[in-house]
Amino acid sequence: SAAVPRRSSTASPRTARPARTTCAARRRSSTTSPPSTSPNVLRGVDVSLAAGDGWLVLRGPSGTGKSTFLAVLMAALRPRAGRYAVDGLDTEALRGEDLRARMAWLPQEAHVFASTIRANLALAAPRGALAGSEGEARMRQALAATGLGGLLATLPAGLDTPVGSGGTALSGGERRRLAAARALLADRDVVLLDEPTAHLDAPTAAALLRDLRSALAGRLVVCVTHDDDVERAHDTVVRLGGATARTG
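Here the sequence shown is numbered in our numbering, starting from 1215 and rising by one per residue.
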């Protein structure tokens, strides 16, 4: 799999990325403005993760707080108790938009717009940031990294191929890979994956996971999944359900 090049400092200046990005999260609540009597969806979540430590994989039946966990990470919800810190800084001191600016999110049903492959990928960055030959090279390498390089090579119009309304010209696996390439091009410190293998057959899911593992190496990845095949030996696994979460 190809590695996706980072934006050059001359083309798009950005603050230098810290060598390690650590997130600690604990005792998350269930609603944005909960009444004092409403129950907690998440309790006892205590985890710390740094880039290069493997993925943080969240497992658990529906309704156990997996989506709530992602919402807290993106500051759409705030913890009712406990602490959520990034690089040692309590996120209560950060604006939600500043925190989300460090993250790329691959939702379970990532939308593919009725346009071209190029236009869908260009949404990953500020307007014009992926223009020109350098931008096109980054797009091609992102597609290669997520397993779409072979498909791109067969398309006469290449990046300017229309994908149809909702991406109907692509298979389910290809739409998921296109969305993953878009997440890579966002070039964020943290990548959130929400059920990346949902509705994919076993061979397609395995191939996508292999490509994602390679493409996201060195980034902090949080993956919510029901899929038993997502976990790897070096991952941190949090199992939700029951009174408290279990890690390991």
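The C-beta atom is built at its ideal place from N, Cα and C for all residues, glycine as well.
Tell me the DSSP bridge mates of residue i?
i, result
"W1319", "L1406"
"L1303", "V1300"
"L1308", "BP columns for L1308 are empty, so no partner."
"T1330", "P1376"
"T1450", "L1270"
What first and last residue would you give for the alpha helix (DSSP H) that runs through residue i?
i, result
"R1391", "1386-1399"
"V1286", "1280-1287"
"T1418", "1416-1429"
"R1352", "1346-1359"
Buried or exposed for residue i, please, with buried defined as at least 16 other CB atoms from any protein chain shown within 10 angstroms of its CB.
i, result
"V1452", "buried"
"E1409", "buried"
"T1368", "exposed"
"A1425", "Reading the sequence as shown, one finds Asp at residue 1425 and not Ala. D1425 is buried by the Cβ-count criterion."
"R1341", "exposed"
"A1345", "exposed"
"F1327", "exposed"
"A1416", "exposed"
"G1466", "This structure leaves residue 1466 out entirely; the chain is present only between 1215 and 1462."
"P1275", "exposed"
"A1307", "exposed"
"A1431", "exposed"
"R1309", "exposed"
"R1240", "Note that R1240 scores 38 on pLDDT, short of 50, meaning its location in the model is unreliable and no value can be drawn from it."
"R1352", "buried"
"A1295", "exposed"
"P1376", "exposed"
"R1297", "exposed"
"R1402", "buried"
Since residue i is in the beta strand (DSSP E), which residue starts that stretch and which ends it?
i, result
"L1365", "Counting along the chain, L1365 falls outside any beta strand (DSSP E), though it belongs to the alpha helix (DSSP H) covering 1363-1368."
"V1444", "Careful: V1444 lies outside any beta strand (DSSP E) and carries neither H nor E."
"L1434", "1434-1438"
Give the C-beta separation of residue i and residue j to the nearest angstrom, bearing in mind that I take them to be a contact with Cβ-Cβ under 8 Å.
i, j, result
"D1441", "T1411", "5 Å"
"V1405", "L1272", "Not a contact, Cβ separation roughly 14 Å."
"L1291", "T1282", "6 Å"
"L1422", "L1414", "7 Å"
"D1449", "A1420", "The pair is not a contact, with the Cβ atoms about 16 Å apart (cut-off 8 Å)."
"A1339", "A1264", "Between A1264 and A1339 the Cβ distance is about 26 Å, and since that is not below 8 Å, they are no contact."
Task: Three-pair Cβ contact test at 8 Å for the stretch 1367-1387 versus the stretch 1311-1318 - done: With fewer than three CB-CB distances shorter than 8 Å, the stretch 1367-1387 does not count as touching the stretch 1311-1318.
Task: Stretch-stretch touch, CB-based, cutoff 8 Å, three pairs: the stretch 1296-1306 with the stretch 1341-1360 - done: No contact exists between the stretch 1296-1306 and the stretch 1341-1360.
Open item on the list: Contact between the stretch 1394-1401 and the stretch 1369-1378 is defined here as three or more beta-carbon pairs at a separation below 8 Å; is this criterion met?
Closed with: Fewer than three Cβ pairs drawn from the stretch 1394-1401 and the stretch 1369-1378 lie within less than 8 Å of each other, which leaves the two stretches out of contact.
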